[in-house]
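Note sheet for the following structure.
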Amino acid sequence: MFQKLLIANRGEIARRIGAVARGMGVKTVAVHSDADVNLPFVKEADEAVRIGPAPAKDSYLSIPAILEAAKKTGAQAVHPGYGFLSENGEFAQACADAGLTFVGPPPEAMARMKDKSQARKLVSAAGVPVVPGSDGVLPDVQSALEAAERIGYPVLCKAASGGGGIGMAAANNPAELEKVYRQCTDRAKAAFGREGVYLERYFPAPRHIEVQILGDTHGHLIHGLERECSIQRRHQKVVEEAPSVLFANGRNAGLADTLFTAAVKAAKAFGYANAGTVEFLYSDGQVYFIEMNARLQVEHPVTELTTGLDLIGWQLRIAAGEKLTVKQEDVKRKGAALEFRIYAEDPVKYFPSPGPLKVFQPPTGEGVRLDSGYAEGDVVTPNYDPMIAKLIISGATRDEAIARAVKALESFRIEGIKTNIPLHLRILKDPAFAAGELDTHFLDHHAKP
Numbered sequence: 001m002f003q004k005l006l007i008a009n010r011g012e013i014a015r016r017i018g019a020v021a022r023g024m025g026v027k028t029v030a031v032h033s034d035a036d037v038n039l040p041f042v043k044e045a046d047e048a049v050r051i052g053p054a055p056a057k058d059s060y061l062s063i064p065a066i067l068e069a070a071k072k073t074g075a076q077a078v079h080p081g082y083g084f085l086s087e088n089g090e091f092a093q094a095c096a097d098a099g100l101t102f103v104g105p106p107p108e109a110m111a112r113m114k115d116k117s118q119a120r121k122l123v124s125a126a127g128v129p130v131v132p133g134s135d136g137v138l139p140d141v142q143s144a145l146e147a148a149e150r151i152g153y154p155v156l157c158k159a160a161s162g163g164g165g166i167g168m169a170a171a172n173n174p175a176e177l178e179k180v181y182r183q184c185t186d187r188a189k190a191a192f193g194r195e196g197v198y199l200e201r202y203f204p205a206p207r208h209i210e211v212q213i214l215g216d217t218h219g220h221l222i223h224g225l226e227r228e229c230s231i232q233r234r235h236q237k238v239v240e241e242a243p244s245v246l247f248a249n250g251r252n253a254g255l256a257d258t259l260f261t262a263a264v265k266a267a268k269a270f271g272y273a274n275a276g277t278v279e280f281l282y283s284d285g286q287v288y289f290i291e292m293n294a295r296l297q298v299e300h301p302v303t304e305l306t307t308g309l310d311l312i313g314w315q316l317r318i319a320a321g322e323k324l325t326v327k328q329e330d331v332k333r334k335g336a337a338l339e340f341r342i343y344a345e346d347p348v349k350y351f352p353s354p355g356p357l358k359v360f361q362p363p364t365g366e367g368v369r370l371d372s373g374y375a376e377g378d379v380v381t382p383n384y385d386p387m388i389a390k391l392i393i394s395g396a397t398r399d400e401a402i403a404r405a406v407k408a409l410e411s412f413r414i415e416g417i418k419t420n421i422p423l424h425l426r427i428l429k430d431p432a433f434a435a436g437e438l439d440t441h442f443l444d445h446h447a448k449p
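Each residue of the sequence shown is one higher than the last, beginning at 1 in the UniProt record's numbering.
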């Protein structure tokens, strides 16, 4: 195991990685922008290095600044967390070139996943079911229109280098496709530097199911069961849970086997190692691969709480060259868990709500876990993602977890900014949620203010 780890991220995930590493006897280095100098993840690290001003492009996205911080502090490894540079193959390669261990998949695997249209081809060849779609990137509107005729409307136009729902829009007919093709191309170029897009069949009410993957560099690869992330807003996940209601208590065992087998096949096709997630859509009794994320997911705690896997701990051990000692038969589910992303935003209009946390008093009690990037008195700035904490609730059953979550959210006191806690409570108290009747358009029809 390496002796010193640089954490190339901020907020709650930097804090969580730091806590796990220090618990394993590894010293930690925090890197921070000017905006974050007083946040807990900086104060709790063994060392801290300023890497630039507030804008992410000048700090958390600056590969030279992060590599210089690693050199200055003598760090031997870099954990990228999620977001920022976590899925940047050039960063992973730059770490390797600098003699640093990158806590994540090999750069070659990241390169195979970078173009999502090519990733579809790769996993399809490995026998993984994919959403019907275009054969690669579409160079112009005409090629998109021809592909849509083959696929059948409605279609979803997606950025080939995309993520986080950016550069993605649906079209119900040729006129709409011409419009969204140009929109998605422009957004893809602005966000990812590449304007390539491709098409997939658009399912009107699918469920979003994902499978946790964990693999070492010695050829041992397992899955960590599934999570459901169907409750979304603008393609951004809001509430996640494990297990999915589809598969709880042994339901749909055959489909679950298909799902897990497909996830492992996809990971092997990419040559994957470390922690990753294979994402699927479920519709009409079938599962379809949509993409693989080459990093830890925001929602990984629900897997940890229901399987007992220490995902960050295993990330570090695998990166250090250790063998994964967990066998597939060792991965068993216990109970249920829900995760709520607590955002600094208006719960009705969904506008960001930066400002000082005049009061920040999280809930406590059985089955309550909080991964927070802030403490009382800290200031939430408008420079980054508005997530200030993740509230993760576990219980012996889904119903027990829901009851605990309502109690916890109702007692969570935050003053000085607006948050989306009222939205979470509306979701929990909606009969459709309690019944497990979920799809990616849940918030279009339920939990209204």
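Every residue, glycine too, gets a C-beta built ideally from N, C-alpha and C.
query: Span of the beta strand (DSSP E) holding V238?
result: Residues Q236 to A242.
message: On the DSSP letters alone, give me the boundaries of the beta strand (DSSP E) that T307 sits inside.
response: Taken as a continuous stretch (DSSP letters only), T307 belongs to no beta strand (DSSP E), being part of the alpha helix (DSSP H) at H300 to T307.
- prompt: In angstroms, rounded to a whole number, what distance separates the CA positions of Y181 and V141?
  reply: Roughly 7 Å separates the two Cα atoms.
task: State the DSSP-derived secondary structure class of I388, mapped to helix, strand or coil.
output: Secondary structure at I388: strand, using DSSP grouped into helix, strand and coil.
- request: Compare the C-alpha of C157 against each of K116, G89, P129 and L122 and name the closest.
  value: Looking from the CA of C157, the closest CA among K116, G89, P129 and L122 belongs to K116.
query: How about T303: is its C-beta nearer than 8 Å to some C-beta of chain B?
result: In summary, chain B is missing from the structure at hand, where a single protein chain is found.
message: Can you look up S161 in the DSSP assignment and give me helix, strand or coil?
response: Three-state result, S161: coil.
- prompt: Taking one C-beta from the segment 9-23 and one from the segment 304-313 each time, how about it: are there three or more such pairs within less than 8 Å?
  reply: As far as the Cβ criterion goes, the segment 9-23 touches the segment 304-313, which means the pair count is three or higher.
- prompt: Taking just the CA atoms, how far does I13 sit from A65?
  reply: In this structure, the alpha-carbon of A65 lies about 20 Å from that of I13.
query: Which same chain residues, not among the five before or five after V264, have their C-beta less than 6 Å away from its C-beta?
result: So the qualifying residues of the chain are H223.
- prompt: For P139, is the classification buried or exposed, using 16 other Cβ atoms within 10 angstroms of its Cβ as the cut-off for buried?
  reply: It counts as exposed.
- request: Measure from the alpha carbon of E366 to the alpha carbon of each residue in N249, I393 and F340, then state which is nearest.
  value: The residue from N249, I393 and F340 with its alpha-carbon nearest to that of E366 is I393.
task: List the whole-angstrom C-beta distance separating I290 from L281, where the pair is believed to meet the contact cut-off of C-beta under 8 Å.
output: The pair is a contact, with the Cβ atoms about 6 Å apart (cut-off 8 Å).
query: Which residue or residues does DSSP assign as beta-bridge partners of F280?
result: Beta-bridge pairing links F280 to I209 and F289.
field: D399 classed as buried or exposed, judged by whether at least 16 other C-beta atoms fall within 10 angstroms
entry: Exposed, because fewer than 16 other Cβ atoms sit within 10 Å of the Cβ of D399.
task: Starting from E200, trace the beta strand (DSSP E) both ways and give me its first and last residue.
output: Per DSSP, E200 belongs to the beta strand (DSSP E) from V197 to R201.
- request: Can you check the segment 303-386 for any beta strand (DSSP E) of at least 3 residues that lies completely inside it and give the ranges in chain order?
  value: Counting only runs of at least 3 residues, the segment 303-386 fully encloses the following beta strand (DSSP E) elements, listed from N- to C-terminal order: 336-343, 359-361 and 368-372.
- request: Taking R182 as part of the alpha helix (DSSP H), name the residues at either end of that continuous run.
  value: Counting along the chain, the alpha helix (DSSP H) containing R182 begins and ends at P174 to F192.
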